[in-house]
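Heads up, the thing below is written out as C-alpha cells.
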Amino acid sequence: MKKNEKMVWLAIGVSFTILYILKYGFQGFLQQLVNGLQLGSLYALIALGYTMVYGIIKLINFAHGDLFMFGAYISAFVGAYLAGRGLIGLAFIPAMLLSMIVTAVLGMSIEKVAYKPLRNKPRLSVLITALGVSLFLENFFALPAEKVFFPFNKIVFGPNMLSFPKLIDDRIFNFAGISISMVKSIDFFVAILLMIILELIVKKTRIGKAMRAVSFNREAAYLMGIDVNFIIMVTFGIGTSLASAAGTLYALTFCCLDNPFMGIWPGMKAFIAAVLGGIGNIPGAMLGGFLMGIIETYASSINPQLGDVSAFSLLIIVLIFKPAGLMGKFEIEKV
Amino acid sequence: MGYKYLLVISLFAFLLSCGTGRVDEKNHMPQQKPEKAGKAVITIGVVAPITGQTATFGKSTREGVILAFEQIENKITLDGKEYKINVVFADDQGSPEAAVSAYNKLITHDKVLAIIGTVQSNCSLAGAPLAQKHKVPMISTASTNPKVTQTGDFIFRACFIDPFQGKVMAKYAIENLKLKTAAVIFDNANDYSKGLAEVFKKTYEELGGKVVSYQPFPGEDKTKDFSPLLTQIKSAKPELIFAPCYYQAAAQIAIQAKKLGLAVPILGGDGFDSPKLVEVGQKDVEGLTFSNHYSKDTPSTQVKQFVADYEKKFNSTPDALAVLSYDASKILIDALKRAGKPDSEAIKKALTETKDLEVVSGKITFDAERNPIKSAAILQIKNGKQVYITTVNP
Numbered sequence: 112m113k114k115n116e117k118m119v120w121l122a123i124g125v126s127f128t129i130l131y132i133l134k135y136g137f138q139g140f141l142q143q144l145v146n147g148l149q150l151g152s153l154y155a156l157i158a159l160g161y162t163m164v165y166g167i168i169k170l171i172n173f174a175h176g177d178l179f180m181f182g183a184y185i186s187a188f189v190g191a192y193l194a195g196r197g198l199i200g201l202a203f204i205p206a207m208l209l210s211m212i213v214t215a216v217l218g219m220s221i222e223k224v225a226y227k228p229l230r231n232k233p234r235l236s237v238l239i240t241a242l243g244v245s246l247f248l249e250n251f252f253a254l255p256a257e258k259v260f261f262p263f264n265k266i267v268f269g270p271n272m273l274s275f276p277k278l279i280d281d282r283i284f285n286f287a288g289i290s291i292s293m294v295k296s297i298d299f300f301v302a303i304l305l306m307i308i309l310e311l312i313v314k315k316t317r318i319g320k321a322m323r324a325v326s327f328n329r330e331a332a333y334l335m336g337i338d339v340n341f342i343i344m345v346t347f348g349i350g351t352s353l354a355s356a357a358g359t360l361y362a363l364t365f366c367c368l369d370n371p372f373m374g375i376w377p378g379m380k381a382f383i384a385a386v387l388g389g390i391g392n393i394p395g396a397m398l399g400g401f402l403m404g405i406i407e408t409y410a411s412s413i414n415p416q417l418g419d420v421s422a423f424s425l426l427i428i429v430l431i432f433k434p435a436g437l438m439g440k441f442e443i444e445k446v
Numbered sequence: 577m578g579y580k581y582l583l584v585i586s587l588f589a590f591l592l593s594c595g596t597g598r599v600d601e602k603n604h605m606p607q608q609k610p611e612k613a614g615k616a617v618i619t620i621g622v623v624a625p626i627t628g629q630t631a632t633f634g635k636s637t638r639e640g641v642i643l644a645f646e647q648i649e650n651k652i653t654l655d656g657k658e659y660k661i662n663v664v665f666a667d668d669q670g671s672p673e674a675a676v677s678a679y680n681k682l683i684t685h686d687k688v689l690a691i692i693g694t695v696q697s698n699c700s701l702a703g704a705p706l707a708q709k710h711k712v713p714m715i716s717t718a719s720t721n722p723k724v725t726q727t728g729d730f731i732f733r734a735c736f737i738d739p740f741q742g743k744v745m746a747k748y749a750i751e752n753l754k755l756k757t758a759a760v761i762f763d764n765a766n767d768y769s770k771g772l773a774e775v776f777k778k779t780y781e782e783l784g785g786k787v788v789s790y791q792p793f794p795g796e797d798k799t800k801d802f803s804p805l806l807t808q809i810k811s812a813k814p815e816l817i818f819a820p821c822y823y824q825a826a827a828q829i830a831i832q833a834k835k836l837g838l839a840v841p842i843l844g845g846d847g848f849d850s851p852k853l854v855e856v857g858q859k860d861v862e863g864l865t866f867s868n869h870y871s872k873d874t875p876s877t878q879v880k881q882f883v884a885d886y887e888k889k890f891n892s893t894p895d896a897l898a899v900l901s902y903d904a905s906k907i908l909i910d911a912l913k914r915a916g917k918p919d920s921e922a923i924k925k926a927l928t929e930t931k932d933l934e935v936v937s938g939k940i941t942f943d944a945e946r947n948p949i950k951s952a953a954i955l956q957i958k959n960g961k962q963v964y965i966t967t968v969n970p
C-alpha cells in the first residue's frame, strides 16, 4: 500500500517532467532547475527558522519573515560601509556574519520580551503576540526618519527602496547552453554550508542534544537539569541568524531592498515550505524549501500567474494526503 | 510588575511622537495658517507617491510643484483681487487604495479648488472618479493610460498617452535599431504597463516585426524573481526586450537578464526615469533605452531656463516627473488667470480652451479627450547617465 502510493507520486512527477521537456526543451528544463534550486535554497534557510522554533515551543513565529528583512537591511548597511572603504569581493562574508549576530540578538530579545512571559499561557495568546510582533517590526521600521523623535530616527529604515552595494562582481559561466551566475551559485553553496553546520550543531554538540531533549519533552528535560530557558533562547538565536543569512543572500542576488515589508512574501512561502516538509522537522524544512522553489519556478515559467497559486495548491494537496507534511511522520528528531 | 506600566507608558509616548508632523513641515512650503481677515486663499491639492515603491516619482513631483508656485510667490491676482495660494500635499503611496483616501482628504477636508496629480495611472484611475463627482478640476502629471481622462470632463493631463509611447518605441525598434523580433515582459496588474505592452505589440507587428514571447507577470510587489520568465524569453531568442515597467522592476529585469546571459537591448517607457534605476542596476542597466517626456539636453530656451532654476533651488537635475508637475502647475495657473475667478466650472472651461501654451515639455493644446498633443524624447543610459538620442513627433 505504502509502496504503491510512492510509485503513483513518482509516476506523476516523471510524467510532468517529460511533458515539460517536450514542450520547452531539455536546456530550458535544466536552466529552470538551476533557477529553482537557487530560489529554493533561500526558502529552505528561512523555513529552518520556522521549523526550529515550532519544534521547540510549538509556536509559529510569524515575525520570522520580518527578521529576514531586518537581516537584509543590516547587511546592506555593513556592506555599504565596507564597500565605501574599497573592500569588495569577499566583504559579503563579514557583512553576513555581523548581520547574523545582530539579528540573532534581536530575535532573542523578542523571545525574551514578547514570548517568554506567555510561555505557560494558552498557545493562542503567543500566536497572536507573534502576529503583533510581526506587524510592529514591519511598521516600525517603515516609519520615515523625519517623522519620529531622536533615539528612533537613527534606527528606522524608512519606507523607501534602498540599493544593496554590489559586493561581488558577478560572472556568468556557460555549460552546454545553461548559464550559471556566480552570485546565484554562492546563494546555493552558502545555504548548503549553513545547513550542514546546523545539522552538526543539532546532532553533535551538547547544546544540540539539549535542544532535542527540550523539544521531545520540556518538563523531563527541565528535571534532568537542562536550562530550558537558555536552550529556547539559543534556538531562537540560531533560527533568526539563518533568516538573516537568507536575507543577505536575497539582497545580494536582487541588489535592492524594497521596503521593510519585503519579508512578508518570502516569509509566507518559507512557512508553507516548513509545513510542507513537516513542521518541526529539520530535514523536512530543507526538502520543503527546495521543493517549493523548484515547483514555483516551473509553474511561473509555464504561466507567471501560476507562481503563487502553485505554492498554495501544493500545500493543500500534500496536506490532504499527508497531514503531517512530507517528513512529519517520523517524529524522531524534533528541534 | 512596575516595568509593565513603564513599557505601556513609553509605548504611548512613542506613538504620540510619530505621525503628527505633516510632510510639508520640513520643507519650503508655508503651512496652512489662519489668514488675516480680508485676504482670500486658494487651496490647491497635490497627490503624489511621497512614500512607497515609487517614492522618487513623488519627490520630483513635489519639487516641480513647489518651484512653479514659488515663481509666482504663492499668490495670484484674479480680477483685481489678490489671492494667496496654499498648496496641500497628500501621499498616495503608489497604491490605488491610498490614492482614494488621499483624494478624499483633499476634496472633503482641505476643500481644494483643483488637484494636481497623481503620477501613476492606476492611482489616477482610482482618484479621478472622485474629482469628477465633486467637480474638482484635476490635472494628472504623468498618468499615461488613456482611460484616465475618459473618466470625465474635469480630468486633464500634462503628459502624452500610452498608445503614443508604445508606438514610438515600436517605431524606434524597427526603424532606428532595425530589430525584427521582440519579447515583451510587462506587469499584468498595472494599467500603465499593460497599455504600453498591448500598443507596442500591435504597432510592432503592423510594421513587420514579430513578437516571439509575450510574458505578463503578476504585480511588481509580488514578483521578485524574474528568472523563470527570462529563461523562457531566452529560449525564444528575441533580438530585443520591451519591458514597460517602473524603474524597480526594470532594474531587476536588467540584472537578472545579465545573470542568465541574455544580452539583448532592453527598451521601455517613461517608468524607467529615476536615479534609482542606475543606483540599483549599476553596470547591468547600461544601454537601457526608453521614451520620455523631455530631456534636459533638448535644445530649447524654456528647458535651459527651467533646468537652471531647478538646479539652483534643489541642487539636483530635474527628471521628467519634475518637469511634468511643473508644467501641470503652469497649465493650472494659466487657466486660473483666464478664468478670472476661483470657481471650478470656470477653471474647467479655461483649461479646455488652453491653446499653444509654451511649457517646458513642449507646446500644450488639449484634444477632445483632454490629452495634450506633444512630442517624445528617446533616452539611453550610458555610463550611469541619461543621454538624449532623438526626438520623435506624433
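As you go down the protein sequences, you meet chains X and G in turn.
Going by our numbering, the first sequence opens with residue 112, and the numbers climb by one from there.
Going by our numbering, the second sequence opens with residue 577, and the numbers climb by one from there.
Just so you know, even glycine gets a beta-carbon here, dropped at the ideal spot from N, CA and C.
Beta bridge counterpart(s) of residue i as assigned by DSSP
i, result
"G:Ile620", "G:Val663, G:Ala690"
"X:Ser290", "X:Asn285"
"G:Tyr966", "For the record, residue 966 of chain G in the displayed sequence is Thr; it is not Tyr. Beta-bridge pairing links G:Thr966 to G:Ile954."
"G:Phe793", "G:Asp763"
"G:Met714", "G:Ile691, G:Ile731"
"G:Gly703", "Answer is none; G:Gly703 lacks a bridge partner."
"X:Val59", "Outside the shown range of chain X, which is 112 to 446, sits residue 59 of chain X, and nothing can be said about it."
"G:Ser867", "G:Ile954"
"G:Ala758", "G:Val787, G:Leu816"
Beta-carbon spacing of residue i, residue j below 8 Å
i, j, result
"G:Ile692", "G:Val622", "yes"
"G:Lys743", "G:Val788", "no"
"X:Lys295", "G:Lys835", "yes"
"X:Ser390", "X:Tyr161", "Here the sequence assigns Ile to residue 390 of chain X, which means Ser is not the residue at that position. Closer than 8 Å, so yes."
"G:Leu532", "G:Pro713", "The requested residue 532 of chain G is not part of the displayed model; chain G covers only 577 to 970."
"X:Met207", "X:Gly350", "no"
"G:Ala759", "G:Leu783", "no"
"X:Leu454", "X:Leu353", "In the structure as shown, chain X begins at 112 and stops at 446. Residue 454 of chain X is therefore absent and cannot be evaluated."
"G:Leu843", "G:Ile809", "no"
"G:Pro918", "X:Gln416", "no"
"G:Pro792", "G:Asn764", "yes"
"X:Leu363", "X:Phe203", "yes"
"X:Tyr226", "X:Leu309", "no"
"X:Gly269", "X:Ala256", "yes"
"G:Tyr659", "G:Ala616", "yes"
"X:Phe347", "X:Glu222", "yes"
"G:Ile750", "G:Val688", "no"
"G:Ser811", "X:Gly136", "yes"
Contact set for residue i: own chain, Cβ-Cβ below 6 Å, skip 5 residues either direction
i, result
"X:Gln142", "Ile289"
"G:Asp903", "Ala734, Val935, Val936, Ser937"
"G:Pro672", "Asn698, Cys699, Ala702"
"G:Gly960", "Val854"
"G:Gly634", "Ala624, Pro625, Ile626"
"G:Ala833", "Leu806"
Same chain only: Cβ atoms within 8 Å of residue i, ignoring 5 sequence neighbours per side
i, result
"X:Arg282", "Ser292, Met293"
"X:Leu464", "Within the shown structure, residues of chain X are numbered from 112 to 446, placing residue 464 of chain X beyond reach of any answer."
"G:Leu805", "Ile761, Gln791, Phe793"
"G:Asp932", "Lys939, Ile940, Thr941"
"X:Thr128", "Phe140"
Own chain partners of residue i with C-beta closer than 7 Å, once the 5 adjacent residues on each side are dropped
i, result
"X:Ala422", "Lys380, Ile383, Met403, Glu407"
"G:Val861", "Ala827, Ala830, Leu853, Val854, Ile957"
"G:Met605", "Low confidence applies here, because G:Met605 scores a pLDDT of 44, under 50, leaving its location unreliable and the question unanswered by this model."
"G:Ile715", "Ile692, Phe732, Arg733, Ala734, Ala904, Ile907, Leu908"
(Q) Please give the ranges of any beta strand (DSSP E) in the stretch 721–755 of chain G, keeping only runs that are unbroken, at least 3 residues long and fully inside the region. (A) 731–733
Q: Starting from the N-terminal side, write out each stretch of the alpha helix (DSSP H) that is 4 residues or longer and does not extend beyond the stretch 874–960 of chain G.
A: 877–890, 896–915, 920–928
**Q.** Uninterrupted alpha helix (DSSP H) stretches inside the stretch 385–437 of chain X (no shorter than 4 residues)
**A.** 393–413, 417–432
Q) Would you call the stretch 179–193 of chain X and the stretch 214–227 of chain X touching, i.e. three or more CB-CB distances under 8 Å? A) yes
Q: Give a yes or no on contact between the stretch 221–237 of chain X and the stretch 303–316 of chain X, applying the rule of three or more CB pairs nearer than 8 Å.
A: no
Q) Does the pairing of the stretch 623–634 of chain G with the stretch 648–668 of chain G give three or more beta-carbon distances under 8 Å? A) The stretch 623–634 of chain G, when compared against the stretch 648–668 of chain G, does touch it at the 8 Å Cβ threshold.
**Q.** beta strand (DSSP E) runs contained entirely in the stretch 173–242 of chain X, provided each spans 3 or more residues
**A.** With a minimum length of 3 residues, no continuous beta strand (DSSP E) run stays inside the stretch 173–242 of chain X.
Q. Do three or more CB pairs link the stretch 319–326 of chain X to the stretch 341–348 of chain X at distances below 8 Å?
A. yes
Q | Segments of 4+ residues assigned as alpha helix (DSSP H) that fall wholly inside the stretch 768–816 of chain G | A | 803–812
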